[in-house]
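Structure first, commentary second.
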Amino acid sequence: MKKKIGFAVTGSFCTFQRILKEIDRIKDRYDIFPILSHNAANTDTRFFNAEEFKTELKTVTGHEIITTIADAEPIGPRKLFELLVVAPCTGNTVAKLSNGITDTSVTLAAKAHLRNARPLVIGISTNDGLANNAKNIGALLDRKNIYFVPFGQDDYNGKPNSVVADFSKLEETIEAALEGKQVQPVIF
Ligand SMILES: Cc1cc2nc3c(=O)[nH]c(=O)nc-3n(C[C@H](O)[C@H](O)[C@H](O)COP(=O)(O)O)c2cc1C
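All residue numbers in the sequence shown are consecutive under the working numbering, ending with 1210.
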């Protein structure tokens, strides 16, 4: 039987197309249950219409999307997932995860999942990763059961504080995290 993986998406809208591609790539191997932050679920942007994105996500995963705190809460008591991915993970969500704030479906999903000491994989995508959010990324790098999709600077001339995960390394990060290991090198 396929391992059940929660896949949480937050509001880094420019990476949505890429994330759909990665989910499509790993869906034969894992049973993927989508989770969206309120902002990811309800914001129309130049990259995606919110309803279209939800439809694509449901189609590719074959499951309804968890979008509320109430629907995310059972992830803990019912031990729903072997592993939880948050990708793309915004600066907003990484700051909340680092500081124990759980006021979104995604941050509550992470808290509920981590209480079972199961692996959480973060695929960061934020313009302030080497600025205001460097401390939060650093704190999570040192946190038990949290693993990072390898990340680096995507445009060091134009956006010197921006960091983005190499989403092509998502599958190998998941495999390693399921064995309690951080894939290396974590920074490229
Ligand atoms: C078009 C657009 C693109 C965005 N891209 C990013 C991004 O790549 N990284 C990021 O951290 N925030 C980005 N944001 C801002 C987040 O969506 C915003 O901080 C939001 O509060 C995140 O909420 P969430 O983390 O609960 O999804 C973007 C916003 C818009 C409208």
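For each residue, glycine too, the CB sits at the ideal point set by N, CA and C. Since we're looking at a predicted model, the values are computed, not measured.
Nearest-residue set for ligand 1, Cβ under 7 Å from any heavy atom = 1032, 1033, 1034, 1035, 1036, 1037, 1059, 1060, 1061, 1062, 1065, 1067, 1068, 1069, 1110, 1112, 1113, 1114, 1115, 1126, 1128, 1147, 1148 and 1149
What whole-angstrom Cβ distance do residue 1089 and residue 1127 have, given they're in contact under 8 Å?
-> As a first step, residue 1089 must be located in the sequence shown, where it is residue number 67. As a first step, residue 1127 must be located in the sequence shown, where it is residue number 105. Yes, they are in contact, since the Cβ atoms of residue 1089 and residue 1127 sit about 6 Å apart, within 8 Å.
Status (buried if at least 16 other CB within 10 Å, exposed otherwise) for residue 1187 = The residue you call residue 1187 lines up with position 165 of the sequence shown. The residue in question, residue 1187, is buried, as its Cβ has 16 or more Cβ neighbours within 10 Å.
Would you be able to state if there are at least three C-beta pairs under 8 Å between the region 1135-1153 and the region 1095-1111?
-> yes
Could you spell out where the beta strand (DSSP E) holding residue 1159 opens and where it closes?
-> The residue given as residue 1159 occupies position 137 in the sequence shown. Note, residue 1159: premise wrong, no beta strand (DSSP E); alpha helix (DSSP H) at 1156-1163.
What residue from 1059, 1085, 1069 and 1072 has the CA that sits closest to residue 1052's CA?
-> Working through the sequence shown from its first residue, we reach residue 1052 at position 30. Ranking the options by Cα distance to residue 1052, first place goes to 1085.
In chain order, what residues of the same chain have a beta carbon less than 8 Å from the beta carbon of residue 1125, not counting five sequence neighbours either side?
-> Against the sequence shown, residue 1125 aligns to sequence position 103. Once the five neighbours on either side are set aside, the close Cβ partners of residue 1125 are 1091 and 1118.
Just reading off the beta strand (DSSP E) that residue 1175 is part of, what are its end residues?
-> Position 153 of the sequence shown, counted from the start, is the residue given in the question as residue 1175. Residue 1175 -> beta strand (DSSP E) spans 1173-1175.
Bridge-paired residues (DSSP) for residue 1028 = As a position in the sequence shown, residue 1028 is number 6, starting the count at 1. Bridge partners of residue 1028: 1055 and 1106.
Following the continuous beta strand (DSSP E) through residue 1146, name the residue where it begins and the one where it ends.
-> Within the sequence shown, the letter at position 124 stands for residue 1146. Counting along the chain, the beta strand (DSSP E) containing residue 1146 begins and ends at 1142-1148.
Less than 8 Å separating the beta-carbons of residue 1028 and residue 1097?
-> Mapped onto the sequence shown, residue 1028 falls at position 6. Mapped onto the sequence shown, residue 1097 falls at position 75. Yes; because the gap between Cβ atoms is below 8 Å, this pair is in contact.
Using a Cβ-Cβ cut-off of 8 Å (strictly less than) and excluding sequence neighbours within five positions of residue 1162, which residues of its own chain qualify?
-> In the sequence shown, the residue the question calls residue 1162 occupies position 140. The residues are 1116, 1119, 1120, 1144, 1168 and 1170.
Is the CB-CB distance between residue 1104 and residue 1130 below 8 Å?
-> The sequence position of residue 1104 within the sequence shown is 82, counting from 1. The sequence position of residue 1130 within the sequence shown is 108, counting from 1. Against a cut-off of 8 Å, the Cβ pair of residue 1130 and residue 1104 comes out as no contact.
Supposed contact pair residue 1184 and residue 1160 - C-beta distance, whole angstroms, cut 8 Å | One-based indexing of the sequence shown puts residue 1160 at position 138. One-based indexing of the sequence shown puts residue 1184 at position 162. With 8 Å as the limit, residue 1160 and residue 1184 do not qualify as a contact, their Cβ atoms being about 16 Å apart.
Reference residue 1155; option with closest CA among 1114, 1025 and 1189 | In the sequence shown, the residue the question calls residue 1155 occupies position 133. Nearest option by C-alpha distance: 1114.
Strand pairing of residue 1208, partner residues [DSSP] | Indexing the sequence shown from 1 puts residue 1208 at position 186. According to DSSP, residue 1208 bridges with nothing at all.
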